[in-house]
Amino acid sequence: MQTTNLASDQRLQAALLVTPALIIYGVFAIYPMVDVVVLSFQKWNGLDANRQFVGFSNYIGIFTKDPVFWVAFRNTVTWTVLSTIFPPLFGLLLALGLNQRLFARNSLRAIYYLPVIIAPIAVATMWRWMYDPFFGIFNQVLSLLGLQFWIKDWLGARDVALYSAFVAYVWQTVGFSMVLFLAGLQGVDKSLEEAARIDGANRWQRFRFVTLPALRPTITIVLVLSVISSLKAFDIIYGLTGGGPAQSTQMLALWAFTQSMQIFDFGRGSAISTVLLLITLAIVIPYMRWAQKREESSE
0 MQTTNLASDQ RLQAALLVTP ALIIYGVFAI YPMVDVVVLS FQKWNGLDAN
50 RQFVGFSNYI GIFTKDPVFW VAFRNTVTWT VLSTIFPPLF GLLLALGLNQ
100 RLFARNSLRA IYYLPVIIAP IAVATMWRWM YDPFFGIFNQ VLSLLGLQFW
150 IKDWLGARDV ALYSAFVAYV WQTVGFSMVL FLAGLQGVDK SLEEAARIDG
200 ANRWQRFRFV TLPALRPTIT IVLVLSVISS LKAFDIIYGL TGGGPAQSTQ
250 MLALWAFTQS MQIFDFGRGS AISTVLLLIT LAIVIPYMRW AQKREESSE
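Residue numbers (numbering that gives the first Met the number 0): 0 to 298.
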């Protein structure tokens with residue numbers, strides 16, 4: 000009887016602790032998400048009191064009558080693929096290096112993490128200045144090195160603008176992956192590493208057969224967060240190029256914002272946002288299930 004009462008008290012205590020967070024999450028996350036999905040089937044300019052139900056008209060419009068949507072879709076896919084490769088890879092390399100006994104190791108960790116806490120719009124302003132075709136540091140360095148043929152209008156040329164913006168994005172986000180991998184490295188069993196070293200395993204073999212398997216949960220988290228962050232790419236693109244030149248850096252999140260807040264077609268903007276939400280769920284949920292099954296099968 001006493002055990003039953005104790006379990007009941009624990010459940011009540013857990014419910015009391017979780018409920019405020021659930022309420023806040025429901026009000027500020029779930030409700031706006033549901034409202035956006037509902038709004039995607041309506042026509043609304045953001046000013047009128049009444050919304051007009053139009054069915055799938057907004058979706059038909061973005062799929063068949065909006066060429067910018069497909070440009071933004073292609074750019075978003077490219078950005079997402081690059082984001083799941085380079086920031087996690089560079090973050091892992093930095094974590095492996097900064098997990099060693101180095102002079103001023105903590106200071107170096109702070110330096111590499113510093114861009115993460117800078118507002119994306121401030122990062123965009125800084126990199127826009129560095130990319131300036133006349134006064135920017137990149138073209139100035141290329142000129143001093145005698146590499147004038149490499150000088151470009153980095154944010155004004157359609158063939159390189161998206162990748163130039165992505166470099167700024169990597170610079171800002173790689174520190175986040177680094178910190179997660181550093182946390183994961185603390186969970187690597189040192190005795191296994193020492194045993195592998197005694198058995199004659201070289202550095203690469205110890206990484207492949209000891210460190211990497213221990214980092215699988217961390218890798219899953221990093222990749223999921225990288226995908227979500229890349230699909231939401233907005234601030235840094237808005238600050239660097241605004242989607243230009245000629246929509247060459249347009250992204251789905253930015254195009255949804257443009258439709259809603261500049262063209263005042265909230266229905267179409269919500270439809271684009273809903274498509275982006277579905278893409279995110281279609282990528283993240285299967286990957287997390289696959290990663291979970293793989294982890295369970297390896298235990």
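Positions of the beta carbon are idealized from the N, C-alpha and C atoms, including for glycine.
Keep in mind the model is a prediction, meaning the values are calculated, not measured.
DSSP beta-bridge partners for residue i?
i     : result
Phe52 : Gln41
For residue i, would you say it is in contact with chain C, using Cβ-to-Cβ distances shorter than 8 Å as the test?
i      : result
Ile136 : Within the model displayed, chain C is absent; a lone protein chain is all it includes.
Identify the continuous alpha helix (DSSP H) that holds residue i and give its terminal residues.
i      : result
Val189 : Note that residue 189 corresponds to Lys in the displayed sequence, not to Val. Start and end: Lys189 to Ile197.
Ile220 : Arg215 to Leu230
Ser163 : Ala160 to Leu184
Ser247 : No alpha helix (DSSP H) holds Ser247; DSSP gives it neither H nor E.
Val26  : Careful: Val26 lies outside any alpha helix (DSSP H) and carries neither H nor E.
Trp128 : Pro119 to Met129
Asn74  : Pro66 to Ser82
Arg202 : Arg202 to Arg205
Phe85  : Phe85 to Leu97
Gln139 : Ile136 to Leu143
Asp234 : Asp234 to Leu239
Leu107 : Arg104 to Tyr112
So, are the CB atoms of residue i and residue j less than 8 Å apart?
i      : j      : result
Met287 : Thr219 : yes
Val53  : Phe68  : no
Thr273 : Val36  : yes
Ser176 : Gly241 : no
Arg157 : Ala245 : yes
Leu251 : Ile236 : no
Ile61  : Ala270 : yes
Arg108 : Leu95  : no
Leu127 : Leu154 : The sequence given here places Arg at residue 127; Leu does not occur at that position. Closer than 8 Å, so yes.
Leu81  : Phe165 : yes
Leu230 : Leu275 : yes
Asn74  : Gln249 : yes
Leu179 : Val122 : no
Val169 : Phe55  : no
Val187 : Ala167 : no
Met129 : Phe137 : yes
Apply the 10 Å Cβ neighbour rule to residue i and answer buried if 16 or more other Cβ atoms are within range, or exposed otherwise.
i      : result
Pro119 : buried
Tyr106 : Note that residue 106 is Ser in the sequence shown here, rather than Tyr. Burial call: exposed.
Arg267 : buried
Tyr111 : buried
Thr63  : exposed
Asp264 : buried
Leu114 : With the sequence shown as reference, residue 114 is identified as Pro, and Leu is not the correct amino acid for it. Classification of Pro114: buried, given that the 10 Å Cβ count is 16 or more.
Ala20  : exposed
Leu146 : exposed
Pro285 : exposed
Gly199 : exposed
Asn201 : exposed
Gln185 : exposed
Ser259 : buried
Ala307 : An answer regarding residue 307 cannot be provided, because it is not within the stretch 0 to 298 covered by the chain.
Val70  : buried
Trp289 : exposed
Ser247 : buried
contact_flag[the stretch 42-49, the stretch 225-239] where n(CB pairs < 8 Å) is 3 or more: Result no; under three Cβ-Cβ pairs closer than 8 Å.
Take every Cβ of the stretch 81-98, pair it with every Cβ of the stretch 164-174, and state whether three or more of those distances are shorter than 8 Å. The answer is yes - the stretch 164-174 touches the stretch 81-98, with three or more Cβ pairs under 8 Å.
Can you find at least 3 beta carbon pairs, one from the stretch 199-210 and one from the stretch 150-164, that sit closer than 8 Å? Remark: fewer than three beta-carbon pairs, one from each stretch, lie closer than 8 Å, so the stretch 199-210 and the stretch 150-164 are not flagged as touching.
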